[in-house]
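What follows is a set of notes on a single structure, which appears directly below.
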Amino acid sequence: MSTDVESVSHSRDIALIDLVDRLLDKGVVLSGDITLSVANVDLVYVGLRALVSSVATAEREGVPLPGGVT
Amino acid sequence: MIYVYAITEAAGTPLPQPTLREVTAHGVAVVFADEGPGGDPTADVLWVHEDVVESLMRDRAVLPMRFGTHLPDEEAALALLDSRRDDFARMLDDVRGRVELGVRVAGRAAAPDQPARPATGTEYLARRLGARREADHVAAAVHEPLARIADRSASARSPRSGEVMTASYLLPSERVGVFTEEIRQLQQRHPDLALTCTGPWPPYSFVEEAPA
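Sequence lines, in order, name chains A and B.
Residues in the first sequence are numbered from 22 upward in steps of one, following this note's numbering.
Residues in the second sequence are numbered from 657 upward in steps of one, following this note's numbering.
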C-alpha cells in the first residue's frame, strides 16, 4: 500500500481478503506452451475461497494455509 | 525455472530489489527472480510477492502476474515478449499511471426477528428476491457514482456471502483522493451499508486479454 494515501485502508488484515482475491484469481495468466505452476495454485484457491474469512486468524497463529503448492 | 512477478514497460531504471532481474524486447520487460517468494501461498508469502510488484509500480507501468507463474528460463521470457508484444503494449497503455482500488459493500445485519432459515419455499423465494433488489439498489447507489470517477470498473462474478457488492475500479493515481472522498460520503449517506475500500493495488483486475 502506498503511504501517500492516508484515507485508504492500510490495515493488512482488512486488505488480506482483497490480496488473496487478486493474486490467486486475477493478474496475467500465461497459456499455451509456457510451463506454469498456476494450475496447482488454482487448485489451492478452491480451498482458500472457503477459508478466506479465517485467513487472518490462521496468519496470526502462524498456521500455514492448507493445500500448499510444493 | 524462473519466477515471474510482472510484465512492465522497459523503463531503463534500476530494478528496486537486488534479487530481481529483467529481460527486455520491443520496449517491454519481463521482471523475474531465480526463486519465488516461497512455495505455499501463506499470507506472508503473498505479501512478499505483493511488495515486489508494488515496488516495481513506483516508476513503471506494470502488468501483475497471477501468483505462482514460472517460466522455464530467460529464453522463454524473451520468446513470450516476441509473441505477445502487441498485447502487452496495449495492456500497458491501458494501465499506465493508473491504480486499482477494491470496494466491498456488505449489508448491515438482518432484522433480528427474522428466523435464520426460511420456513417455506415462498419465504425462501421472497428472501431471494429481496436480496436481488438490495443488490440492484446498491449498484445504483454505490457503484454508479464510483464508476463515474474511475476509467474502468470490474465486478466480481459472485460477491462473497454477506456482501452485496464486490468491485474493482481503475483510475489515475491522482484521482484516488476524489474516489476515497466519494466513499466517505457514500458511507454517510447509506448507514445501512458497510463500505470497505482497499488499495491502491497494481491493476490485477484489469489485465485480462482480449479473447484470442
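The beta-carbon is built from N, C-alpha and C at its ideal position, and this holds for glycine as well.
Remark: C-beta atoms of VAL704 of chain B and GLY694 of chain B approach each other more closely than 8 Å. Secondary structure at LEU37 of chain A: helix, using DSSP grouped into helix, strand and coil. Rounded to the nearest whole angstrom, the C-alpha separation of ILE839 of chain B and ARG754 of chain B is 18 Å. Rounded to the nearest whole angstrom, the C-alpha separation of MET821 of chain B and LEU842 of chain B is 14 Å. CA-to-CA, the gap between GLY724 of chain B and GLU819 of chain B works out to about 28 Å. Under the Cβ criterion of 8 Å, TYR825 of chain B is not counted among the residues facing chain A.
In terms of Cβ geometry, VAL41 of chain A and ARG722 of chain B do not form a close pair [threshold 8 Å]. Pairwise C-beta distances place the stretch 848 to 865 of chain B out of contact with the stretch 770 to 781 of chain B, as fewer than three of them are shorter than 8 Å. From the beta-carbon of ILE805 of chain B, no residue of chain A is found nearer than 9 Å; the closest lies around 14 Å away.
Taking VAL708 of chain B as the centre and dropping the five residues before and after it, the same chain places the C-beta of TYR661 closer than 6 Å to its C-beta, in chain order. In the displayed model, ALA762 of chain B falls within a strand according to three-state DSSP. For the pair ARG33 of chain A and ARG746 of chain B, the Cα-to-Cα distance works out to about 32 Å. Approximately 6 Å separates the beta-carbon atoms of PRO728 of chain B and MET657 of chain B; this is inside 8 Å, confirming the contact. Minimum Cα-Cα distance from SER829 of chain B among the listed residues B:ILE805, B:LEU851, B:ALA823, B:ALA810 corresponds to B:ILE805. Counting the other CB atoms within 10 Å of its CB gives VAL863 of chain B a total of 16 or more, which places it among the buried residues. Contact of ILE658 of chain B with chain A by beta-carbon distance below 7 Å is absent, the smallest such distance being about 10 Å. Relative to VAL832 of chain B, the option among B:ALA762, B:ARG760, B:GLU756, B:GLU790 whose CA is nearest is B:GLU756. With a beta-carbon spacing of about 15 Å, ASP46 of chain A and THR854 of chain B fall beyond the 8 Å limit used to define contacts. LEU44 of chain A places its beta carbon 8 Å or farther from that of LEU748 of chain B.
Check the Cα spacing between PHE688 of chain B and each of B:LEU671, B:VAL834, B:ASP848: the tightest is with B:LEU671. According to the DSSP secondary-structure assignment, GLU678 of chain B is paired through a beta bridge with B:VAL687.
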